[in-house]
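Asker: Got a structure for you, questions after.
Protein chains in written order, with this note's numbering: chain A, 1 to 440; chain B, 1001 to 1230.
Here it is as structure tokens:
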């Protein structure tokens, strides 16, 4: 027994000693907080936070679980479960906490937040907490948007405020139990909010800027026709000292910069974002002096057509950038091996409209959903509502399956997150080789 | 990682552990070992709002004596880390121990920190991490500051402690349900102030000795500004 103790302790001590030397950072599951565990193998489920539509099913916002593992033929591409939260709240974004067990989901209209527990039965997430005090807790922030896991807490970006429902807003932090921690109002020079993403090894956070409740809850055609309303969109990306939670640089990125994607590989000290109204791809890059610079690096489709680039996803090797444009329902894939000179390598029409794109860690599968906002989605025959799965072979997207969210009486599908049985059942991930299971 | 995997396999007194390669556990973590490429903000130039408050919990010290968390911290600033000594994940417990080792040396070299700070490493594997094994771990690290090693009597003592700290830990199992001898756990290290409030939580991607030292000094400055103790 003594020898066993010694050998184990020596091993840990040796590992500890080795770690005293700096080790390179490892890349993360694409688009997710680097502070939470990643699922690297085949996903079993796609969780879809879905807006309710009056007269469609129960009409409520809901978390929908779709089977995504072809080995489970009975559920592949099928709706496995859905959990309604009652009523329509402009369901929009969601994000897992630091242990990837609890999925926080927000409503942009009345600022409610729901927390689902996916671990006990990953095929059937359970609603375990409803937070209806976000506005009060935060001192007047409205529109919880991005849910970004930090160790022990959840960082939430706001889109608006209670005072005038305009674009002035803040970042809000809660602990994992749903207890409010702090509100950080954005500075005058960059008062609008949208996304927040952290690059841990640089201690830098980027935040982008969209628009307030007055615009995102109004019919898009009315907003575009209203010159005054069109003045109320964000034109900045803020660079933060993340640890201090202090904005240190304001970058001009005109035309509502939305999703932010940091590069994932070591020494790739840059991020991408798209300006929705100007249809430009922007590179946010650290300079030799440590400051950041924003540069336009590509037009996305023809900006004169206002294609409205929405979500984007960067592959784990930093090579491919998938960019959805809502108006033409198209995904454009850029080779961004040289981030200063993106090359359009593939174009795929996904549907009449497309918003979100989620790529698997291995880069082999890409999922799309259709809805942008209840009042911004297309109408009539162009109001397709779907989740579509594609395979990606490095050259082209190939359809795998599609779920019609109207036919299934679900609603408008928005953000997607992945679930995996093995992960939640605490089994060792055996990778492609099946080595561990085979070794028994 | 390959070398570490070979070491893990070669060390096997337990046949289940021979099958476990650290690379197979890497999925649990996001950014891997953390190599900060920045200088932290100056101590006191930022705030650390309380995240949560923890309560006292029964422990066994490395000499086998019953104690409690608060008996170890005694109202001082505390860095509390949960580990298990047979962990083979380079970015798990070994990283935690490596960072606390560095902290220990830095704290010992600073008279005020040495007086005001305690490090606490607690095992979440009471079945195998006996006080004797924690004593072996202590002897390997030969603390220069007040670095305590503790475990719990059993699962009944352990689980409320883990729940209080929001420290998820679960046994890793093979497909047939058999325990591999390993745990899946999100690496977390907790910074407590003198009132047992959690002031920061560090995981891979955030756990760095220089950063923790900066936070400790920030809390000391805060304490001095309020004329109170740590």
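Even glycine gets a Cβ: it sits at the ideal position worked out from N, Cα and C.
#1: Using only the heavy atoms of the ligand COA, determine whether one of them is closer than 7 Å to the beta carbon of residue 1037/B.
#2: Would you say residue 1029/B reaches chain A, if we count a Cβ-Cβ gap shorter than 8 Å as a contact?
#3: DSSP three-state call for residue 1218/B: helix, strand or coil?
#4: Run through chain A and tell me which residues come within less than 8 Å of residue 1170/B, C-beta to C-beta.
#5: Taking C-beta pairs closer than 7 Å, name the residues in chain B that residue 245/A reaches, listed in chain order.
#6: Just checking: is the beta-carbon of residue 129/A within a distance shorter than 8 Å of some beta-carbon in chain B?
#7: To the nearest angstrom, report how far apart residue 956/B and residue 298/A are at their CA atoms.
#8: Find the residues of chain A that neighbour residue 1236/B, judging by a C-beta separation of less than 9 Å, and give them in chain order.
#9: Please report how far the alpha carbon of residue 158/A lies from the alpha carbon of residue 35/A, in whole angstroms.
#10: What does residue 1232/B touch in chain A if you count any residue whose Cβ is under 8 Å from its own?
#11: Just to make sure I have the definition right: I need the residues of chain A whose C-beta is within less than 9 Å of the C-beta of residue 1206/B. Which are they?
#12: Tell me, please, which residues DSSP counts as bridged to residue 416/A.
#13: Look at residue 326/A and residue 344/A and say whether their C-beta atoms are less than 8 Å apart.
#14: Per DSSP, what kind of secondary structure is residue 262/A in: helix, strand or coil?
#15: Under 7 Å Cβ-Cβ, which residues of chain A neighbour residue 1079/B?
#16: Name the one or two DSSP bridge partners that residue 154/A has.
#17: What does the alpha-carbon distance come out to for the pair residue 398/A and residue 346/A?
#18: Helix, strand or coil, according to DSSP, for residue 21/A in the structure here?
#19: Given residue 1049/B, which residues of its chain have a CB within under 7 Å of its CB, disregarding the five upstream and five downstream residues?
#20: CB-CB under 7 Å to residue 220/A, same chain, minus the five flanking residues each way: which ones, in chain order?
#21: With burial defined as no fewer than 16 other Cβ atoms inside 10 Å of the residue's Cβ, what is the status of residue 257/A: buried or exposed?
#22: Taking the alpha carbon of residue 1215/B as the reference point, which residue from 1203/B, 1199/B and 1204/B has its own alpha carbon closest?
#23: Roughly how many angstroms lie between the CA atoms of residue 1131/B and residue 415/A, to the nearest whole one?
#24: Who are the near neighbours of residue 173/A in its chain, counting only those whose CB is closer than 6 Å to its CB and skipping five residues on each side?
#25: Give a yes or no on whether 8 Å exceeds the smallest Cβ distance from residue 318/A to chain B.
#26: For residue 360/A, name the three-state secondary structure that DSSP assigns.
#27: Using the rule of at least 16 other Cβ atoms within 10 Å of the residue's Cβ for burial, across every protein chain shown, is residue 445/A buried or exposed?
#28: For the putative contact between residue 148/A and residue 197/A, defined by C-beta atoms under 8 Å, what is the C-beta separation to the nearest angstrom?
#29: Hey, which unbroken runs of the beta strand (DSSP E) at 3 residues or more fall wholly within the stretch 178-215 of chain A?
#30: In chain order, what residues of the stretch 84-104 of chain A put their CB closer than 8 Å to some CB of chain B?
#31: For the beta strand (DSSP E) that contains residue 366/A, what are its first and last residues?
#32: With residue 1054/B and residue 1158/B assumed to form a contact (beta carbons below 8 Å), what rounded beta-carbon distance in angstroms separates them?
#33: Any idea what DSSP makes of residue 1093/B, helix, strand or coil?
#34: Excluding five sequence neighbours on each side, which residues of the same chain lie with their C-beta closer than 6 Å to the C-beta of residue 184/A?
Answerer: Put simply:
#1: The model depicted lacks the ligand COA and carries no ligand whatsoever.
#2: Locating residue 1029/B in the second chain gives position 29, counting from the first residue. Because residue 1029/B sits at a pLDDT of 43, beneath the cut-off of 50, its placement in the model cannot be relied upon, and the following sentence gives the value as read from the coordinates. Yes, contact with chain A.
#3: In the second chain, the residue the question calls residue 1218/B occupies position 218. Per DSSP, reduced to three states, the secondary structure at residue 1218/B is helical.
#4: Along the second chain, read from residue 1 onward, the residue named residue 1170/B stands at position 170. Chain A residues near residue 1170/B: 426.
#5: The residue labelled residue 245/A in the question sits at position 245 within the first chain. In chain order: 1046.
#6: To locate residue 129/A, count along the first chain from 1; it is residue 129. Closer than 8 Å: no.
#7: In this structure chain B extends from 1001 to 1230, so residue 956/B is not present and cannot be described.
#8: Because chain B is modelled from 1001 through 1230, residue 1236/B falls outside the range shown and cannot be assessed.
#9: Along the first chain, one-based indexing puts residue 158/A at 158. Along the first chain, one-based indexing puts residue 35/A at 35. Rounded to the nearest angstrom, the two C-alpha atoms are 21 Å apart.
#10: Absent from the structure is residue 1232/B, since the part of chain B shown begins at 1001 and ends at 1230.
#11: Counted from its first residue, the second chain places residue 1206/B at position 206. Within chain A, the residues near residue 1206/B are 35, 150, 151, 200 and 243.
#12: Your numbering for residue 416/A matches position 416 in the first chain. BP columns for residue 416/A point to 48/A.
#13: What you label residue 326/A is simply residue 326 of the first chain in a count that begins at 1. What you label residue 344/A is simply residue 344 of the first chain in a count that begins at 1. No, the pair does not count as a contact, with Cβ atoms beyond the cut-off.
#14: As a first step, residue 262/A must be located in the first chain, where it is residue number 262. DSSP places residue 262/A in strand when its eight states are reduced to three.
#15: In the second chain, counting from the first residue as 1, residue 1079/B sits at position 79. Near residue 1079/B there are no residues of chain A at all, since even the closest Cβ is about 14 Å away, more than 7 Å.
#16: As a first step, residue 154/A must be located in the first chain, where it is residue number 154. In the DSSP output, where bridge partners are listed per residue, residue 154/A has 149/A and 174/A.
#17: Looking up residue 398/A in the first chain gives position 398. Looking up residue 346/A in the first chain gives position 346. Each residue's alpha carbon lies about 12 Å from the other.
#18: Residue mapping note: residue 21/A aligns to position 21 of the first chain, counting from 1. Confidence is the limiting factor: at residue 21/A the pLDDT is only 31, short of 50, which leaves the residue's position unreliable, though a coordinate-based value still follows. The answer is coil: DSSP assigns residue 21/A none of H, G, I, E or B.
#19: Residue numbering aside, residue 1049/B sits at position 49 when the second chain is read from its first letter. If we look at residue 1049/B and ignore the five residues flanking it on each side, it has no Cβ neighbours.
#20: Sequence index remark: in the first chain, residue 220/A carries index 220 (1-based). The answer, listed in chain order, is 375 and 376.
#21: Position 257 of the first chain, counted from the first residue, corresponds to residue 257/A. Under this definition residue 257/A is a buried residue.
#22: Here the question's residue 1215/B lines up with position 215 in the second chain. Out of 1203/B, 1199/B and 1204/B, 1199/B has the C-alpha closest to the C-alpha of residue 1215/B.
#23: In the second chain, the residue the question calls residue 1131/B occupies position 131. In the first chain, the residue the question calls residue 415/A occupies position 415. Whole-angstrom Cα-Cα distance: 48 Å.
#24: For this step, residue 173/A is matched to residue 173 along the first chain. So the qualifying residues of the chain are 153, 155, 181 and 182.
#25: On the first chain, residue 318/A is found 318 positions in, with the first residue counted as 1. So, not an interface residue.
#26: Looking up residue 360/A in the first chain gives position 360. DSSP places residue 360/A in coil when its eight states are reduced to three.
#27: Since the displayed chain A opens at 1 and closes at 440, residue 445/A lies outside it and no answer follows.
#28: For the purposes of this step, residue 148/A is identified with residue 148 of the first chain, where counting begins at 1. For the purposes of this step, residue 197/A is identified with residue 197 of the first chain, where counting begins at 1. The Cβ separation is near 7 Å, so the contact holds.
#29: As far as the stretch 178-215 of chain A is concerned, its whole beta strand (DSSP E) runs of at least 3 residues are 180-185, 196-199 and 204-207.
#30: Residues passing the 8 Å Cβ filter: 98, 99 and 101.
#31: In the first chain, residue 366/A corresponds to position 366, counting from 1. Per DSSP, residue 366/A belongs to the beta strand (DSSP E) from 365-369.
#32: Counted from its first residue, the second chain places residue 1054/B at position 54. Counted from its first residue, the second chain places residue 1158/B at position 158. Not a contact, Cβ separation roughly 14 Å.
#33: Residue mapping note: residue 1093/B aligns to position 93 of the second chain, counting from 1. Correct three-state label for residue 1093/B: helix.
#34: Taking the first residue of the first chain as 1, we reach residue 184/A at position 184. Within the same chain, residue 184/A has close Cβ partners 170, 171 and 245.
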